[in-house]
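Student:
2 protein chains.
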Amino acid sequence: MFRVKPPAGGLHSLEEAMAYGQLRESTARVSSEPEPSIEAGTAPVEIGLNAAIVAVTGNEPVVLVIRHEADSAGATDGLPFGPFSPLQHRTLESGLRAWVHRQAGLELGYAEQLYTFGDRGRHAQPGDLSPHVVSIGYLALTQVKPSMEMQHGVWRSWYHYFPWEDWRRGRPEILEATMEPRLREWASERTSVPQPVSRQERVRICFGLDGAAWDEEKVLERYELLYEAGLIEEAARDGRDAARQWSQRPRLGVPMQYDHRRILATAIGRVRAKIKYRPVIFELMPDDFTLFELQRTVEAILGPHLHKQNFRRLVEGAGLVEPTGDVKMRTGGRPAKLYRFRREVLMERPAPGVRVKPGKV
Amino acid sequence: MFRVKPPAGGLHSLEEAMAYGQLRESTARVSSEPEPSIEAGTAPVEIGLNAAIVAVTGNEPVVLVIRHEADSAGATDGLPFGPFSPLQHRTLESGLRAWVHRQAGLELGYAEQLYTFGDRGRHAQPGDLSPHVVSIGYLALTQVKPSMEMQHGVWRSWYHYFPWEDWRRGRPEILEATMEPRLREWASERTSVPQPVSRQERVRICFGLDGAAWDEEKVLERYELLYEAGLIEEAARDGRDAARQWSQRPRLGVPMQYDHRRILATAIGRVRAKIKYRPVIFELMPDDFTLFELQRTVEAILGPHLHKQNFRRLVEGAGLVEPTGDVKMRTGGRPAKLYRFRREVLMERPAPGVRVKPGKV
DNA sequence: CCGTTTATGCTCAAAGTGAGCATAGCTGTC
DNA sequence: GACAGCTATGCTCACTTTGAGCATAAACGG
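This is the structure in structure tokens:
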């Protein structure tokens, strides 16, 4: 497969020959061999399909996790996942759907690919002599229907794993109390090699310190920085030299199996960004809803509160919804009109999202 | 690796046991085996790293391609690529950089992952009994420096491969003349299974027919639709039943090796989207430039022309650039002030891009 | 020195946004 | 059963952002 034909006229230089030779050498196997066999010195690669399945229940953004018995103590949460098997899966996404169906008994609706991670060591499990795994992360959006009885999965708030991302009641406690001092300590360390961007500056931008604004979309950047600084358990588990002893004490969020927390971070960042320019928020909503329920769902995802009147102006003005004609009683006050998603917007020019910015309540 | 521990309390149902069994069955190997061996009935997967390296020279958006001698007739263009080898590459991206360096003698600067494609059959080459390949596409942005002497690569306009994407001189000829009738014919065919969105509607949205607006970011959607409709050579090559005989005649753009044209389509769509919200356009610019040169570069990427005065207001107003103090003579008119990219914006809140919309010249 | 050509400054109206005030219409209570 | 307490909705207003153009500045080539 990866055998590359020399360009017309044959090989032109030693370097070129080397390049082609190298191509073969580092390839696990060559397409002409009918029955695969692993050559000495090469490593096979497995492809893991991982799903961050997100929903919102009761104003809480939740993710579907599978609880596993860890090797020694306690349980570890993980995302539904399984290997890509080209013989059984026509596409990567269909493979993912198959796995999710098997593991969680759930038929996925909306799903999109997030990112493919291949870092050596980031897929480790304690005591696990694992081969090389490339993880493909997916984001799926769904609703939690009461009828949904899941076999092994549980819905858990994503802020469980990322407490510092929860800005619904203002700046989260844990940031000030625990993370800021540790981050500053890490930032003030001498680095052996000079960095293009100082640790100081990176911490400032990622965590909105010293006057920098908090960017709710930088979820992955924050997680990766914490990993690099050795402040979260996964860093210690993967054997990062930088892993601190104090990473264990008041731990920062609940860790996950393999690199699943990284995938979840990617997922959160992606939803937060995406609902602003694509109408994916409606994947999380029931057929009929009030505008305030919609707003609460957006807020659950984004964190900060939105200006109510402007929110409805925006949503109605963009033609994202249409009234069903019904009203919902017992809202605690005046009854609220019910709306439904206008599917037609998907066929209109830029298929807009909920272009919101944080504002006053 | 993919062996999943049963949840606490053991297996709870037959279905669960099946699921775990299934997990193992479709896995190439299990982590407890120290020396890997491929079990019968499983298929190994190779991971291909592919780079769409984009630059702009003389108002032409170009991509770095490697020309290969095809199996029978003519030459085929391909992107620089090679397999991911976990023993040699610490990360996917470093593997990509290594391959590009080897194949094109080029040190990559800015690079970002695009997408991972795994469709069966889309990686075929005529007469190639290939194993299953999962392609990871990357987008890299660079400048074409005169000193750059490449071994085997050539820079080619990306509109070479996607003539229908070239709107710099208005709606491209080929759309009206060749594509529209073929697309309409395909859209009017009966489909065996009812579609959630009609072919009619998809064609209308993708290609801006019947009053729909042309969305310059839907590059991949258009390419995939053409593939599905059997209107491009790759479809015939991959043996799609739908491939038409007339896909050969006045062919639609130059085809590429494997699924490289799909990767390039993804890349074009991504740059077009990204320059609007991240300052990546400067990766394509020399250190000093005039605002009009910057505008021309943006236009080369996006297609349509921009309103000159508003463009400069936007770029200056967003603090993306600062004057160097020098001027460029011989512009054909009044000398133009030279500017440079203000790197500091990368450290400012949302690190904006060139939020432009097509306008009057 | 003048016409041509590109660079730059500035204006203006329309549309979009952030904040709030004010009113409507349930529900539960005394 | 009038009122207090809430949430839903309508609407205003000042301020920004954006789309289009007019007008002036400053080289360059005859």
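Going down the list, the protein sequences come from chains A and B.
Each residue of the first sequence is one higher than the one before, starting from 1 at the first, in the numbering used here.
Each residue of the second sequence is one higher than the one before, starting from 1001 at the first, in the numbering used here.
Glycine is no exception: its CB is placed at the ideal position from the N, C-alpha and C atoms.
#1: For A/ALA300, count neighbouring C-beta atoms within 10 Å of its own C-beta (all shown protein chains included) and say buried if the count is 16 or more, exposed if not.
#2: So, does the CB of A/ASP77 fall closer than 8 Å to a CB anywhere in chain B?
#3: In terms of residue numbering, what span does the alpha helix (DSSP H) encompassing B/GLY1317 cover?
#4: Any beta carbon from chain A within less than 8 Å of B/THR1091's own beta carbon?
#5: If the cut is a Cβ gap below 7 Å, which residues of chain A does B/ASP1238 touch?
#6: When DSSP builds the beta bridges, which residues end up paired with B/ARG1340?
#7: Looking at C-alpha atoms only, which residue of B/LEU1314, B/ARG1122 and B/ALA1075 is the closest neighbour of B/ASP1238?
#8: Which of the three DSSP states, helix, strand or coil, is assigned to A/GLY95?
#9: Output the boundary residues of the beta strand (DSSP E) element that contains B/ALA1052.
#10: Counting only the same chain and skipping the five closest in sequence on each side, list residues whose C-beta sits under 8 Å from that of A/MET347.
#11: Going by C-alpha distance, which of A/ARG156, A/LEU64, A/ARG204 and A/ASP166 is nearest A/HIS101?
#12: Could you give the uninterrupted runs of the alpha helix (DSSP H) lying entirely in the stretch 152-220 of chain A, keeping only those of 4 residues or more?
#13: With C-beta atoms as the reference, is B/THR1297 less than 8 Å away from B/LEU1284?
#14: Taking B/GLY1118 as the query, report the chain A residues whose CB atoms sit under 7 Å from its CB, ordered along the chain.
#15: Could you please give the first and the last residue of the uninterrupted alpha helix (DSSP H) stretch that includes B/ILE1263?
#16: In whole angstroms, what separates the C-alpha of A/TRP99 from that of B/GLU1185?
#17: Does B/VAL1134 get closer than 8 Å to chain A when you measure Cβ to Cβ?
#18: Is there a Cβ of chain A sitting closer than 8 Å to that of B/TYR1159, yes or no?
#19: Which bits of chain A does B/VAL1327 rub up against, with CB to CB less than 7 Å?
#20: Name the DSSP bridge partner or partners of B/LYS1328?
#21: Using CA atoms only, rank isn't needed, just tell me which of B/LEU1302, B/VAL1193, B/TYR1223 and B/GLU1060 is closest to B/VAL1203.
#22: Are there 16 or more other CB atoms within 10 angstroms of the CB of A/ALA111, so buried, or fewer, so exposed?
#23: Would a check of beta-carbon distances place A/GLN195 closer than 8 Å to chain B?
#24: Checking contacts by CB at 8 Å: is A/VAL345 closer than that to chain B?
#25: Would you mind stating whether B/VAL1062 and B/LEU1141 have Cβ atoms separated by less than 8 Å?
#26: Thinking just about the alpha-carbon of each residue, which of A/LEU183, A/GLY211 and A/GLY208 is nearest to the one in A/ARG199?
#27: May I ask whether a heavy atom of the ligand ADP can be found less than 7 Å away from the beta carbon of B/ALA1075?
#28: On the three-state DSSP scale, how would you describe B/LEU1226?
#29: Count the other CB atoms, across all protein chains shown, that sit within 10 Å of the CB of A/PRO86; report buried if there are 16 or more and exposed otherwise.
#30: Alpha carbon to alpha carbon, how far is A/PRO44 from B/VAL1133?
#31: For A/PHE311, which residues from the same chain have a beta carbon less than 6 Å from its beta carbon, with the 5 sequence-adjacent residues on both sides left out?
#32: Rounded C-beta distance between A/GLY48 and A/ALA104? I'm assuming under 8 Å.
#33: Check the Cβ-Cβ distances between B/GLN1143 and every residue of chain A, and say whether any is below 8 Å.
#34: If you reduce the DSSP assignment to three classes, tell me which class B/THR1116 lands in.
#35: With DSSP as the reference, label B/PHE1084 as helix, strand or coil.
#36: Name the DSSP beta bridge partners of B/MET1256, please?
Tutor: Quick look at the numbers:
#1: buried
#2: no
#3: First-last of the alpha helix (DSSP H) with B/GLY1317: 1308-1317.
#4: Taking 8 Å as the CB threshold, B/THR1091 lines the interface with chain A.
#5: The contacting residues do not exist; B/ASP1238 stays about 13 Å from chain A at best.
#6: B/ASP1288 and B/GLU1322
#7: B/ARG1122
#8: DSSP, reduced to helix, strand and coil, places A/GLY95 within a helical segment of the structure shown.
#9: 1045-1057
#10: none
#11: It is A/LEU64.
#12: 180-188 and 199-207
#13: yes
#14: Within chain A, PHE84, THR91 and LEU92 have C-beta atoms less than 7 Å from the C-beta of B/GLY1118, given in sequence order.
#15: 1260-1274
#16: 38 Å
#17: yes
#18: Not closer than 8 Å to any Cβ of chain A, the Cβ of B/TYR1159 fails to qualify, so no.
#19: Simply none; closest approach about 30 Å.
#20: For B/LYS1328, the pairing in a beta bridge is given by DSSP as B/ALA1336.
#21: Here the closest residue by C-alpha is B/TYR1223.
#22: buried
#23: By this cut-off, A/GLN195 is not an interface position.
#24: no
#25: No, Cβ-Cβ distance for B/VAL1062 and B/LEU1141 is not below 8 Å.
#26: It is A/LEU183.
#27: Among the components of this structure there are no ligands whatsoever, and the ligand ADP is therefore not found.
#28: helix
#29: buried
#30: 13 Å
#31: GLN295
#32: Actually they are not in contact, since the Cβ atoms of A/GLY48 and A/ALA104 sit about 16 Å apart, beyond 8 Å.
#33: no
#34: strand
#35: Here B/PHE1084 sits in coil by DSSP.
#36: B/ASP1077
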